[in-house]
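Presented below is the structure to which this report refers.
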C-alpha cells in the first residue's frame, strides 16, 4: 500500500431509505494524491455514498463517520463540502446552456468588486482555468454551442475555480467519444502530478484499469475489497469478479450464428441535418442485414450512426433526401414511424429515459405501447391480454420487479432497457435496430441483454447494434460496418476483425476495400 | 364463496338503503306553490337579498341597510353579493342557496336581468315571493313585485338638468352634447336613456342640441358592465375623434355618478374645459365634485328610502296582506306586467345640495 | 394500523393514482359532512343537491375536456369564451332564424368543433403553444360573443332550456319519488355489482390474487349505499324535479370519457404524448393528430357547456363563461393531474370539481360572502396541490401511496413471491425521478 496519508476516510457508512437499505456499512480510504476508482454494479451504492460524502444526505441522516484531512467532518449541505474542497461532477452536467463559459465557471462564485461582479477578473481567471484543463475556446462562447466533451471540461474548470482538493467524477466519460475520453484521462493524470486527489466512478473497466491507483469495489451497499492496482496485478476480469461476486467466464454468451438470405437492404440513404441545410448526416449509405445476423455499427459520437438509424425508422430524424429500403428484395415505403412498425422495423433508442420510455407509465403499459392494437379489439384494450403479455416478457427477459403494475421509473437502468426491448419484441419485428443497448447498464445485465440479442437473431430476425464500445461490437456481431462523418467507411466480417483497423476506419473517410 | 359474496352485497345494500331512506325526509310534500303570500309566514323567517357585485357604493350601502333593517324587523337576513368577475353564475348559485335555506322572500338586485329565470322559478316553486329590487327581472312569469325609483323620471330629470346647466353657462344654443347610457344587460339602462331622450329629442330634432359624434342610440352609447374604465375609454376616443379641432363640448349626459366622474377624468386629462355632466346615485365623490363645481348634477335616489319601502313590502307579505304598489301597467318584463312600487327621484345640483342631503349623515358633512 | 391500511388498499386499490383519488374522495366526503353539520343538514337536502348538480354540471363537463388537454401537456384558456360564443350563436339562431332547438344544439356542437379544430390546427400543425393559441382564442371569441350579441342578452325558447334546467318527467305509479330517477339508480347499482364481479373474474383470469370476498362485499355495499342514498335524494325532491337533465348528460360523458381514456388505444396515446412526446412519436403515436383531436374535443365540450349554461339561464348574455377556464383548470389540478402532462384521470378531475362545488355551495349556504369564498377556494387549490408536490419531493407519490407501498411489495401479484432476484440492488428504493415531473 502506498505510504501517502489518507485524505479521506469513510468508516462503516450506513444509509437507509424507507423500506430499503442502500448502504450497509461501507469503508473507503482515499490517500492523498491518488486516483481512486469506485466500482460496482448499478445499485451497489456508489451514488448514495457520494451523496453522503458531498452532504446531499446531511449529517445525521446516515450512520458512520467521515474523516477528511485528519478531522471528522459533518457536512450539512453541498455548500459545506465544497467549502472543504470536495467537488462532485455529476453525470448530468450542471451547466446553464444559455450562459457563457465564463459565467458558468463562476456561477454562484462570482469574483466581486464593491458588490458588483468584476467581469475583468472573471475573464482573466476563466482563461487561466481553461488553460489548466486544456480547453481552447473563446470564454464568451455559450455552453449550448460547445460539445459534451468541452462542457465536461468547463465543469472541471468550475470545480477548480472553487479551489478543489478532492475531485469526484461520476461516470465522466459516459457521454464522451474516444478522443475526448482520452483527453480527460490525461487530464486526470496531470492533476495527479499537481497533487490533486480524484475519485472516479465508472463502468468502463478498461479506463479504470489504465488510470486508477486503487479501486474500491462495492456490492449490495457494502465494501467488498480495495485493490491496489500495481501491487495486486489488477485486470478487468479481476474487477468484474469483485463486482458480480463470480468470474464471468466470457463476457459474451456463446452462440452459433445461423445466417440466412438478405433480409433488409438500404441503398443510397442520404439525410440532412434538421436545421442546417448544408450538413449531410448520412451520405449515400448502403448496407445489408441478413436473417439471423447481428450487424454492428461502429463509429465515434457524431459519426451519424444514430442519425442513420432514426431516419431509417420512419424518417424520425433530419430531412430525407434520397435512398431506398428493400425488405426481402422488395422496396418498402417507410415514411412514418407507424409505417416502420408495420413493415417490421423496431428502433431501441440510445437514450431510454429521454426518448425510449414514458417514465410515468407502468411496465405493462410500456410493453404494449408500440403496438397497442395487437391487444385491442375495436380500439378497446384487453386488460387481461395486456397483463399476460407483460407477465410473459417479465419472465422471459427476467425483468426484476415485484409486479408489472410498477412504474418503469422505479426500475434500474438494466431493467428499463429490458422493458424497452420487450416493447419492441412485442411488435414482432423483422429488423431490430439497437442504439447503444448497454449504455449505463451494469455488467450482469449487459450479459443478459447480449443473450437476448443473440436469441432474437436465432429466431431469424436481423439485428443491428450501434455501439461506442468496440469490444462489445467485436464480441457480439457477425459483421461490423464502420462510419465516419456520415459515410460508411468499411465492412468487416467477424472472422477478420482487427480492432486497430476498425479504429482507423472510424477516424478516416478513406474507403477500405471490402473484406 | 360465491354465496357469501352475494350475501355480503345484499346485506350491505339493504343496510345502506335503509339508512338512506330513513335519513331522507322526502321533500315531495309540504311546500305548496306561490299561494303562500296570501297566508303570510312566520315573523322570524329568512329573507334573502341577492345583490350584484360591489361595483357601486349604493349596492354596498343597500346591503348594509338590508342587513340591519331586516334584523330590526325581526327577520333573519341573508345578504349576498355576486363576485366581481363571475357575477351571473354567482348570483344564480346564491339564489339557489337561499331557496334551499327556505327563504320566504327573495329580494334580487339582478346582475343580468334576463338570466335568472330558472332560479326565480325555483324560488317561486318553493313558495318564496320574489321582489325585483331596482332592476326588473325579465323573461319570466315568476317575479312578484318590482320596487325602484321611477327610472324613466330619473332620465327625464337628467335631461332637464343637462339643459338647464348648459343654458346657465351659455344662454344661446346650439349646444353640443355627448350621450352615455348604462350597461346593456341592465334593464334600467334603456329606461334612463329613454327618459332623458324624452326631454332632449325635441331639441335635437329642432337643431338646438347637437350630438357631436352623432352617436345617439342606446347601443352606440352603452357602457358595458357600468364600468368606469369603459366610460373613460369611450370619452377618450370621442375627444380624439370629434373634439380635436377646437369644437367645444357643452354637455354630457351620463346615466350615473361613476361614469360621470370617469367622463370628467377623461376630459380633464385631455385639458379641455369641463362641460355640464349629469349623474345619478349621490355617490360621495360625486357630491364632493358637485360642491366643487365640477360635476353638474346627480340624482338623489335615497337608498335608505328604497330599502325601507322594500322592507315594508316584506312586512306586508309576512302579515299576509298585499304590499302597496302604484304602477300596474308600465313594467312589462317580456312575459307579464309586473306590479311595481315606484319612488320619486330628486335632482341635486350645487344649488340644492345642502338641503337635499340634510338627512344623510355622511353626505351632509360634505355640503358644509 | 397495518390491518386498516390493508383493508383500505383492498377497498380502493393500491396504485399511487388510485391512492391519490382516495385522498380526494376522502376530502370530498369530509367537506360534505362538515357542511352538513355547519348548515344544519341543508347540504344533503334534495333541493340543494339538485341545485348543486345543475349549477356545476357545465364546469364539470369542461373539466373532462380540460383533463385531456392537460394530460396531453397543453392548457386551454379559451373554454369560457368558446362557451359564450357558442351560446350567443345558438340563441341568435333560434331567435332570428327560428331554428328548431334540437337543430340549434347540433349547430352549437358544430361551432364548438370548428373552433376547437381551429385551435388544434395552430397547436398541432403549426406548433404554437396552446397557452398562446387559446389566449388569443379567449379574446377572439369573447369579442365574437359581444359582436354578435351586441353585448346584449338574448333569451332562448322553452324547449332548449330543458338541457340546462330540465328534469326527468314524472311517469308511472305514484311512489312518492321520481320514478325515472329511481330506475336510473337501480340500473347504476346493478352495473356496479356486475362490474365488480367482472373485475374479480378478470383478475382470476390473469392469475392474480383476488382480495377476500368480504372486501368486495363491503366495497360494493359502500358503493351501492352511496348510489341508493343519492338516488333517493335526487328522486325525492319537489314534485317535477329529479336528477337534472344536465346531470344525466354529465354522467354519460364521465362514463364515456373515463372508458375512452383508460381502456382504448386512442386514450392511451393522449397519456403517452403528455408523458413523453418524443418517446410516443418513436412508438408510432401520431403526435399531431392526438394534439389536434384533444383541442377539437375541448371545443365541442366547451360548446356543450356553454349551451347548458344558456339553457339554465334562459338567455345568452355577455358575461357568460367568464372565468370558467379557471374553475375547470382548478378542478383538474385538485383532481391530481400534473402541470407537465401525462398524469391525471377523469374521475379525479370530477372529484376535484365536486370538492370546489361543494365548498362553494356550503359556504354560500352558510351565508359567507363571495369575497371570502374566493379567498378560501384559492387557498384550498394551493394547499391541495402543495400537499401533493411536498409528498412527491419526499420521494413518495402521496401520503397514502407511501403508506400502502409496503403492501404492494408483498401483495398484488404472484411475481413478488418468486425468489428470483439474485441482486436486490436492482430495486433501489427511491429514484428521484419524480422531480422531473412535478405533478400537482
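Protein chains in written order, with this note's numbering: chain R, 1449 to 1963; chain P, 1250 to 1617; chain F, 11 to 450. Note that beta-carbon positions come from the ideal geometry of N, C-alpha and C, so glycine has one too.
- Sorting R:1918, R:1494 and R:1927 by C-alpha distance to the C-alpha of residue 1947 (chain R) places R:1918 at the top.
- If you draw a 10 Å sphere on the C-beta of residue 201 (chain F), you find fewer than 16 other C-beta atoms in it, and that means exposed.
- According to the DSSP secondary-structure assignment, residue 1329 (chain P) is paired through a beta bridge with P:1299.
- For residue 271 (chain F), not one C-beta of chain R is nearer than 8 Å to its own C-beta.
- About 17 Å separates the Cβ atoms of residue 1729 (chain R) and residue 1912 (chain R), ruling out a contact at the 8 Å cut-off.
- Residue contact check for residue 191 (chain F) against chain R: no CB pair falls below 8 Å.
- Cβ-Cβ distances below 7 Å link residue 1528 (chain R) to 1503 in the same chain, with the five nearest sequence neighbours on each side left out; the list follows chain order.
- Bounds of the alpha helix (DSSP H) holding residue 1313 (chain P) are 1306-1321.
- The Cβ of residue 1500 (chain R) sits no closer than 8 Å to any Cβ of chain F.
- Considering only R:1874, R:1553, R:1884 and R:1514, the residue with the shortest C-alpha distance to residue 1821 (chain R) is R:1874.
- For residue 1488 (chain R), the closest C-alpha among the options R:1457, R:1546 and R:1652 is that of R:1652.
- The alpha-carbon of residue 1722 (chain R) is positioned some 23 Å away from that of residue 1598 (chain R).
- For residue 1841 (chain R), the enclosing alpha helix (DSSP H) stretches over residues 1831-1844.
- Proximity to residue 1404 (chain P) across P:1556, P:1530 and P:1441 peaks at P:1441, based on C-alpha coordinates.
- Under the Cβ criterion of 8 Å, residue 1535 (chain P) is not counted among the residues facing chain F.
- Of all alpha-carbon atoms in P:1367, P:1593, P:1414 and P:1292, the one lying nearest the alpha-carbon of residue 1544 (chain P) is that of P:1414.
- Chain F has no Cβ within less than 8 Å of the Cβ of residue 1506 (chain R).
- Taking 4 residues as the shortest admissible run, the segment 1480-1515 of chain R contains the following complete alpha helix (DSSP H) segments, listed from N- to C-terminal end: 1494-1502.
- By the CB criterion at 8 Å, residue 1464 (chain P) and residue 1428 (chain P) fall inside the cutoff.
- Look at residue 1530 (chain R) here: in three-state DSSP terms it is helix.
- With a threshold of 8 Å between beta carbons, residue 1824 (chain R) makes contact with chain F.
- The count of Cβ pairs closer than 8 Å, one atom from the segment 298-310 of chain F and one from the segment 129-141 of chain F, reaches three, so the stretches are in contact.
- In this structure, residue 308 (chain F) sits near residue 86 (chain F), with a CB-CB distance shorter than 8 Å.
- Around the Cβ of residue 1388 (chain P), a 10 Å sphere holds 16 or more other Cβ atoms; the residue is buried.
- Nearest Cα to residue 1727 (chain R) within the set R:1718, R:1916, R:1900 and R:1461: R:1718.
- By the beta-carbon neighbour count (other beta carbons within 10 angstroms, threshold 16), residue 1735 (chain R) is buried.
- Residue 285 (chain F) belongs to the set of residues whose beta carbon lies under 8 Å from a beta carbon in chain R.
- Note on residue 1667 (chain R): 16 or more other CB atoms within 10 angstroms of its CB, so buried under the neighbour-count rule.
- The beta carbon of residue 1434 (chain P) sits closer than 8 Å to some beta carbon of chain F.
- One alpha carbon belongs to residue 184 (chain F), the other to residue 239 (chain F), and they sit about 20 Å apart.
- Exposure of residue 1642 (chain R) is indicated by the presence of fewer than 16 other C-beta atoms within 10 angstroms of its C-beta.
- Against chain F, the CB of residue 1552 (chain P) has no partner CB under 8 Å away; the residue lies outside that interface.
- Residue environment analysis places residue 151 (chain F) among the buried positions, since at least 16 neighbouring C-beta atoms fall within 10 angstroms of its C-beta.
- Going by DSSP, residue 1459 (chain P) is part of the beta strand (DSSP E) stretching over 1458-1460.
- For the segment 1890-1947 of chain R, the full-length alpha helix (DSSP H) segments reaching 4 residues or more read 1891-1906 and 1918-1924 along the chain.
- Any Cβ of chain F closer than 8 Å to the Cβ of residue 1497 (chain P) would place that residue at the interface, and such an atom is absent.
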